[in-house]
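Participant:
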Amino acid sequence: MASTMSTATKKDSSASTATANTHVRCLPSPPTYRLTIADLFDTSTGGGKPRLERLREHLFAEGRLEEDAALMIIERGENLLRSENTLVDLEAPITVCGDIHGQFYDLMKLIEVGGSPATTRYLFMGDYVDRGYFSIECVLYLWALKIHYSNTFFLLRGNHECRHLTEYFTFKTECKIKYTERVYDACMRAFDCLPLAALIDKQFFCVHGGLSPEIHTLDDIKKLDRFKEPPPYGPMCDLLWSDPVEDYGHEKSHDEKYLFNATRGCSYFYTFKAVNDFLVRNNLLTVIRAHEAQDVGYRMYRKCPSSGFPSLMTIFSAPNYLDVYQNKAAILKYDTNIVNIRQFNSSPHPYWLPNFMNVFTWSLPFVGEKVTEMLINILNICSEEELVHDLSSEQQNDNDNQFRRDAIRSKIRAVGKMAKVYASLREASENVINLKGLTPVSPSSSSTNLNELIDDEGDTSEHPKVPTDFSFSTAKTFDQINERMPPWSDAERKQRFANKNSTGKDDSNLSHTDSDNERIESTNAER
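Position 231 of the sequence shown, counting from 1, maps to 231 under full-length UniProt numbering, and the rest follow consecutively.
1) Quick one: what does DSSP say residue 73 is sitting in, helix, strand or coil?
2) Which residue wins for smallest C-alpha separation from residue 134, given the options 360, 113, 170 and 369?
3) Tell me the DSSP bridge mates of residue 95?
4) With DSSP collapsed to three states, give me the class of residue 494.
5) Beta-carbon separation of residue 78 and residue 179 under 9 Å?
6) Counting only the same chain and skipping the five closest in sequence on each side, list residues whose C-beta sits under 8 Å from that of residue 559.
7) Counting pairs of beta carbons, one from the region 266-273 and one from the region 243-255, are three or more of them closer than 8 Å?
8) Residues in the same chain with beta-carbon distance under 8 Å from residue 152, minus the five sequence neighbours each way, listed in chain order, please.
9) If we count the other Cβ atoms within 10 Å of its Cβ and call it buried at 16 or more, is residue 485 buried or exposed?
10) List the whole-angstrom C-beta distance separating residue 319 from residue 106, where the pair is believed to meet the contact cut-off of C-beta under 8 Å.
11) On the DSSP bridge assignment, give the partners of residue 207 in chain order.
12) Residue 131 and residue 102: beta carbons closer than 9 Å?
13) So, with DSSP's three-state summary, where would you put residue 34?
14) Where does residue 458 fall in DSSP's three states?
15) For residue 50, which of helix, strand or coil comes out of DSSP?
16) So, are the CB atoms of residue 290 and residue 325 less than 9 Å apart?
17) Select from 55, 489 and 274 the residue whose C-alpha is nearest the C-alpha of residue 256.
18) Using a 10 Å radius around the Cβ and a threshold of 16 neighbouring Cβ atoms, would you call residue 262 buried or exposed?
19) Using the C-alpha atoms, what's the distance from residue 348 back to residue 359?
20) Give the single residue among 87, 271, 310 and 237 whose Cα lies nearest to the Cα of residue 160.
21) Just to confirm before moving on: does the CB-CB distance between residue 472 and residue 327 stay below 9 Å?
22) Tell me the rounded alpha-carbon separation between residue 217 and residue 278.
23) Please classify residue 525: does DSSP put it in a helix, a strand, or coil?
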């Protein structure tokens, strides 16, 4: 069980440095041609394996695939994933990777740093989609790698590989913009087949989130039914959602193992005692997980007394997460009892407005503000004195004169009120650009509704100014609300009830309210 660890890390020094005066004179357009099945699959390579380099170059240029070609990659990958065990047994040497979150261009850098999949065994620990804007490209390329290297390329499930989160965040919207809902549905079926955990050399337990109070041995994982939408509580949920406590390894109480995870709104925090007991009980060396952004791309936690090896490691492989975190990414390479961490920086990528926002909708407040300014200036050409001056010469009575003056004043007030509305909307649009990937996913929370502002009689408060440059800690604070389990929609609740009625089993909580938290906390107290 002895293993040594290299504490030195190799840093990628080839990251491009942004310059203040960068000016792009010409940018090639994305290819309009969509790759077909004939373009992608080579029948001469035994079973028609995908042409990886052709696919990589096309996706890198923002090209897309014909729907049937995309579906073939996803469905063939699904069949391979379905045949694997819920707990996958793997051997060293191997490269272990954390969250990707739709950062396709950083995924290309990861593979460059980690080594060619043709000669390198890989394990990805989930969260391939959402938050970033190239999620479907990540899925298509990773699934193509799985098809091509089915015995040396492995994928686990993350908490974002589900219908609930991909509908709430960006992946479903992305699929509908770039492809069709059929492609999205195929991805969901494939996600249901992803294994939940992996065991490397019978020493390293790899999982996306962490441990569960309902999982005592590795056999408990093997017994789980993974071919479904993850429920909002229970052992499957815990493997995908749980986190180490903030003071892991330095807890005030040495008896507690699991605490309700208020940060996520579901699952648990696990303590050093919980991890150490799990490792001893299952004769393991460490737990390797992803799920949490790290400033330097990884984190090593308190060492086990018996082995002197870190009891827990977190690996995060999305550099400059959401374009604001300014974090490094890392991967873990394990070979012949040596653990080596490789770090790398972010790569340039094409720009999308946050949440795939329409550029015309986004820019409307800027145009509206300028138009209303012009109208106010035109109306103000007629001063108060001019309104009074010589109206009697038109031989109208005083009532008519007063009516005209009031009408013009009313128009000026109305246009002024509209100017305030558009100024407020313009500030919201500017905040969208500054927030980048931190922009709230709800349209109503990312910008102010025009009708609501008008109904408020122009009483618009200024939007708080969003910083243009984030530190890692500031980004985490702004993003904390997006780390929680999203609320369940009415449609999802109805679907859960329908599943319950058809199967006779209630495998999930339908309401996701504060009462759920109380139920989990009471269960924890009983333990």
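Each residue gets a CB set at the ideal place from its N, CA and C atoms; glycine is no exception.
Facilitator: On the basis of the data shown:
1) helix
2) 170
3) 122 and 333
4) helix
5) no
6) Examination of residue 559 is not possible in this model, given that the chain is present from 1 through 527 alone.
7) yes
8) 117, 120, 121 and 122
9) buried
10) 5 Å
11) 197
12) yes
13) coil
14) Here the model assigns residue 458 a pLDDT of 44, short of 50, so the residue's position is not dependable, and the following value carries that caveat. Residue state, collapsed to three classes: coil.
15) strand
16) no
17) 274
18) exposed
19) 21 Å
20) 237
21) yes
22) 8 Å
23) In this prediction, residue 525 scores a pLDDT of 39, lower than 50, which makes its location untrustworthy; the coordinate-derived value is nonetheless stated afterwards. Helix, per DSSP.
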